[in-house]
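K.L.:
Chains A and B, in that order, give the protein sequences. Under this note's numbering, read the first sequence as residues 1 to 360, first letter to last. Under this note's numbering, read the second sequence as residues 1001 to 1181, first letter to last. All residues carry an ideal CB built from backbone N, CA and C; glycine is no exception.
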Amino acid sequence: MAEEVKLMKGNEAIAHAAIRYGVDGYFGYPITPQSEIMETLMDEKPWETTGMVVLQAESEVAAINMVYGGAACGKRVMTSSSSPGISLKLEGISYMAGAELPGLIINVMRGGPGLGTIQPSQADYFQTVKGGGHGDYRLITLAPASVQEMADHVALGFDLSFKYNNPAMILADGVIGQMMEKVILPEQKTRRTEEEIRKAQPWAALGKSADRERNVVTSLELDSAAMEQNNLRFQKKYKTIEENEVLYEELLCDDADYLIVAFGSASRISQKAIQMARNEGIKVGLFRPITLWPYPAKALNAYKEKVKGILTVELNAGQMIEDVKLAVECKTQVEHYGRLGGIVPTPQDVLSALKEKLIK
Amino acid sequence: MQHEIIIAGFGGQGVLSMGKILAYSGLMEGKEVSWYPSYGPEQRGGTANVTVILSDERISSPVLNEFDIAIVLNQPSLEKFEKTVKTGGILIYDGYGITQKPTRKDIRIFEIDAMNTATKEGNAKAFNMIVLGGMLKTTPMVKRESVMAGLKKSLPERHHKLLPMNEKAIMRGMELIQEVK
């Protein structure tokens, strides 16, 4: 049967993809610009079909702790929010990382700081890839740039998160969440049985059987020496992820004199700016990180002596630029262009910035 | 071929749904489409707008600074978007919401008396379909059958009885639209 092409918002695509992946539970609290995720789930009533639980919690903090609880039972569970709500969830995310629990968190970013605005932003880059919550932990971070990727990253996020027993985040923004595009949804999978979960996640707190010790899921370890060992184990895992799970896309980079590095909606806007620049004879390429952590530093490093300059385009005041500078060891000029507080730049704005900051 | 369109007006005028139906019509013809709305507080009372792109190729940016066609349904939208029409492009307005008419000479300007007609003919809800029909007359980027198929796809089944009324409104819009010279 031919797969049906549908037209929907990025937020709606996430909801449909979650049902089809066989997610066991969604726990959320509404906030613009991502409320369509829970709205769509409520419309679709997956509890009547796949048995997926969809629950509006009393707060963001409650929702992430429900995710912690579900994950501790080995279930595929998720939550979503937007920037201010994600700040509230950070304690729970750090606890999940500390307890080595898988789970998917979606942040459809809006302008901050504080309650800020409801318009699109990418100002939570630092928060997501540099910690956010406390302790030496890392969050697997995917940056979708289309409605199709919003759908695809649900499966990818869960797969990675269960492969490494670590929370994963889809870091989207208001543009990708609110826009409609064509999408092909994945095949419907069935939810796993408890038997399958017990087998795949032997650590899951699903009830003790007579033949084994009880499973304890916790991030607490009062013995510092043991806690250091835990941390060393985490670090080793993070290194494995950095070596194996990096994703990025290169567009028109082969002959490029200049590079734009951008993720999510900024990369889409930059693509158009690159077409415009090439029409004027300026050879620009696009390097788009798909995983923001692990960061595609090695791939980017290859451009340090190949291009005359790099412009990072971000919907923030210059956050990812730090990782770009580290990646190219500051061996080529790296500049930043961005708009703040919910303003989305146009392709013309990006082209002008490219000329002004790099080409002159 | 790529058509880059902005539709702007007051919240509640059906701006976003007009864009949605256009996007669905493109989908019916197998085109690449994108629909990006202004969302949030401006939807009630203030101005709302939506960018729709129909293309034969993969669409890069859903956000644009200039357009082939701007449909403006109130004065603030005209002031904001008249200058964003590409040279040789098209501006469509409904005189009902416009106090100061567009002035550019390097674009084609069309007027459509949609609001008054819709009200007079007792069909105020189909206002946006009249405007859409007018636009399709100026630029037949999708077939009328595709629009009807798109409408059917985007409307819940309980509203399918409204399809003939919408088709009539589209045809009315095609008759009403007039180039301003």
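So, is A:V216 buried or exposed, given that buried needs 16 or more other C-beta atoms within 10 angstroms?
P.N.:
Locating residue 216 of chain A in the first sequence gives position 216, counting from the first residue. Counting Cβ neighbours within 10 Å, A:V216 comes out exposed, since fewer than 16 surround it.
K.L.:
Can you check DSSP and say which residues form a bridge with A:G51?
P.N.:
In the first sequence, the residue the question calls residue 51 of chain A occupies position 51. None, per the DSSP bridge assignment.
K.L.:
Could you name the residues of the same chain whose beta carbon sits closer than 8 Å to that of B:G1134, not counting the 5 residues immediately before and after it, in chain order?
P.N.:
What you label residue 1134 of chain B is simply residue 134 of the second sequence in a count that begins at 1. Taken in chain order, the residues that qualify are I1092, F1110, I1112, A1114, G1173, M1174, L1176, I1177.
K.L.:
Taking only three categories from DSSP, how would you classify A:V129?
P.N.:
Counting from one through the first sequence, the residue named residue 129 of chain A turns up at place 129. Taken through DSSP and simplified to helix, strand or coil, A:V129 comes out as helix.
K.L.:
When you compare the segment 252-262 of chain A with the segment 227-239 of chain A, are there three or more beta-carbon pairs, one atom per stretch, that lie closer than 8 Å?
P.N.:
no
K.L.:
Span of the beta strand (DSSP E) holding B:V1052?
P.N.:
Locating residue 1052 of chain B in the second sequence gives position 52, where the first residue counts as 1. Residues 1047-1055.
K.L.:
By a C-beta neighbour count over all protein chains shown, 10 Å radius and 16 as the cutoff for buried, is A:N316 buried or exposed?
P.N.:
Stepping through the first sequence from its first residue, residue 316 of chain A is reached at position 316. With 16 or more other Cβ atoms within 10 Å, it is buried.
K.L.:
At least one CB of chain A closer than 8 Å to the CB of B:E1032: is that the case?
P.N.:
The sequence position of residue 1032 of chain B within the second sequence is 32, counting from 1. Interface residue, yes.
K.L.:
Beta carbons nearer than 7 Å to chain B: which residues of the segment 112-132 of chain A have them?
P.N.:
I118, Q119
K.L.:
Taking 8 Å as the threshold, find out whether the segment 115-129 of chain A comes into contact with the segment 68-75 of chain A through three or more Cβ pairs.
P.N.:
With the cut-off at 8 Å, the segment 115-129 of chain A and the segment 68-75 of chain A do not touch.
K.L.:
Quick check: the Cα distance between A:D43 and B:T1119, rounded to an integer number of angstroms?
P.N.:
The sequence position of residue 43 of chain A within the first sequence is 43, counting from 1. The sequence position of residue 1119 of chain B within the second sequence is 119, counting from 1. Approximately 34 Å, taken between the alpha carbons.
K.L.:
For B:P1062, which residues in chain A fall below 7 Å Cβ to Cβ?
P.N.:
Position 62 of the second sequence, counted from the start, is the residue given in the question as residue 1062 of chain B. V175, M179, R268, listed in chain order.
K.L.:
Please report the distance separating the alpha-carbon of A:K89 from that of A:G341.
P.N.:
Taking the first sequence and counting its residues from 1, the one referred to as residue 89 of chain A is at position 89. Taking the first sequence and counting its residues from 1, the one referred to as residue 341 of chain A is at position 341. Between the alpha carbons of A:K89 and A:G341 lies a gap of roughly 21 Å.
K.L.:
Since A:T141 sits in a beta bridge, which residues does DSSP pair it with?
P.N.:
As a first step, residue 141 of chain A is located in the first sequence; it is residue number 141 there, counting from the start. Its beta-bridge partners are A:M169, A:W293.
K.L.:
Select from A:K283, A:E249, A:I269, A:R339 the residue whose C-alpha is nearest the C-alpha of A:A299.
P.N.:
Here residue 299 of chain A is taken as the residue at index 299 of the first sequence, counted from 1. Among A:K283, A:E249, A:I269, A:R339, the Cα nearest to that of A:A299 belongs to A:E249.
K.L.:
When you check each C-beta in the segment 179-205 of chain A against every C-beta of chain B, which residues fall closer than 9 Å?
P.N.:
M179, M180, E181, K182
K.L.:
For the 8 Å Cβ check, are there 3 or more pairs between the segment 211-228 of chain A and the segment 266-276 of chain A?
P.N.:
no
K.L.:
At a Cβ threshold of 8 Å, is A:Q271 touching chain B?
P.N.:
As a first step, residue 271 of chain A is located in the first sequence; it is residue number 271 there, counting from the start. Yes, A:Q271 counts as interfacial toward chain B.
K.L.:
Three or more beta-carbon pairs under 8 Å between the segment 49-64 of chain A and the segment 196-213 of chain A, yes or no?
P.N.:
Contact between the segment 49-64 of chain A and the segment 196-213 of chain A is absent, because fewer than three Cβ pairs lie under 8 Å.
K.L.:
Could you tell me which of A:M52, A:I321, A:P167 sits nearest to A:H336, measuring between CA atoms?
P.N.:
On the first sequence, residue 336 of chain A is found 336 positions in, with the first residue counted as 1. Ranking the options by Cα distance to A:H336, first place goes to A:I321.
K.L.:
For A:E194, which of A:L104, A:A205, A:L185, A:N65 has the nearest alpha-carbon?
P.N.:
Translated into the one-based positions of the first sequence, residue 194 of chain A becomes position 194. For the residues A:L104, A:A205, A:L185, A:N65, the minimum Cα distance to A:E194 belongs to A:A205.
K.L.:
Taking the alpha-carbon positions, what's the B:L1027 to B:T1051 distance?
P.N.:
Counting from 1 along the second sequence, the entry for residue 1027 of chain B is found at position 27. Counting from 1 along the second sequence, the entry for residue 1051 of chain B is found at position 51. Spanning the two alpha carbons is a distance of roughly 15 Å.
K.L.:
Please name the residue in A:H16, A:T40, A:P120, A:G157 whose C-alpha comes closest to that of A:W293.
P.N.:
What you label residue 293 of chain A is simply residue 293 of the first sequence in a count that begins at 1. Measuring from the Cα of A:W293, the nearest candidate turns out to be A:G157.
K.L.:
Quick one: is A:M78 buried, meaning 16 or more other Cβ sit within 10 Å of its Cβ, or exposed?
P.N.:
One-based indexing of the first sequence puts residue 78 of chain A at position 78. A:M78 comes out buried.
K.L.:
What residues from chain A crowd round B:L1027, counting only those whose CB sits closer than 9 Å?
P.N.:
For the purposes of this step, residue 1027 of chain B is taken as the residue at position 27 of the second sequence. V5, K6, L7, K182, listed in chain order.
K.L.:
If you measure beta-carbon to beta-carbon, which residues of the segment 1113-1127 of chain B are closer than 9 Å to chain A?
P.N.:
Interface annotation for the segment 1113-1127 of chain B against chain A: empty, criterion Cβ-Cβ distance under 9 Å.
K.L.:
Taking 8 Å as the CB-CB limit, is B:S1049 close to chain A?
P.N.:
Position 49 of the second sequence, counting from 1, holds the residue named residue 1049 of chain B. The identity of residue 1049 of chain B in the sequence shown is Asn, whereas the question assumes Ser. Under the Cβ distance rule, B:N1049 does not count among the residues neighbouring chain A, no pair being separated by less than 8 Å.
K.L.:
Who are the Cβ neighbours of B:M1129 in its own chain at under 6 Å, not counting the five residues just before and after it?
P.N.:
Along the second sequence, read from residue 1 onward, the residue named residue 1129 of chain B stands at position 129. Cβ within range, chain order: N1166, A1169, I1170.
K.L.:
Of all Cβ atoms in chain A, is any one closer than 8 Å to the Cβ of B:A1023?
P.N.:
The residue given as residue 1023 of chain B occupies position 23 in the second sequence. Nearest CB-CB separation between B:A1023 and chain A: below the 8 Å threshold.
K.L.:
Can A:L104 and A:I170 be called in contact, C-beta distance under 8 Å?
P.N.:
As a working note, residue 104 of chain A is residue 104 in the first sequence. As a working note, residue 170 of chain A is residue 170 in the first sequence. In contact: A:L104 and A:I170 (Cβ atoms closer than 8 Å).
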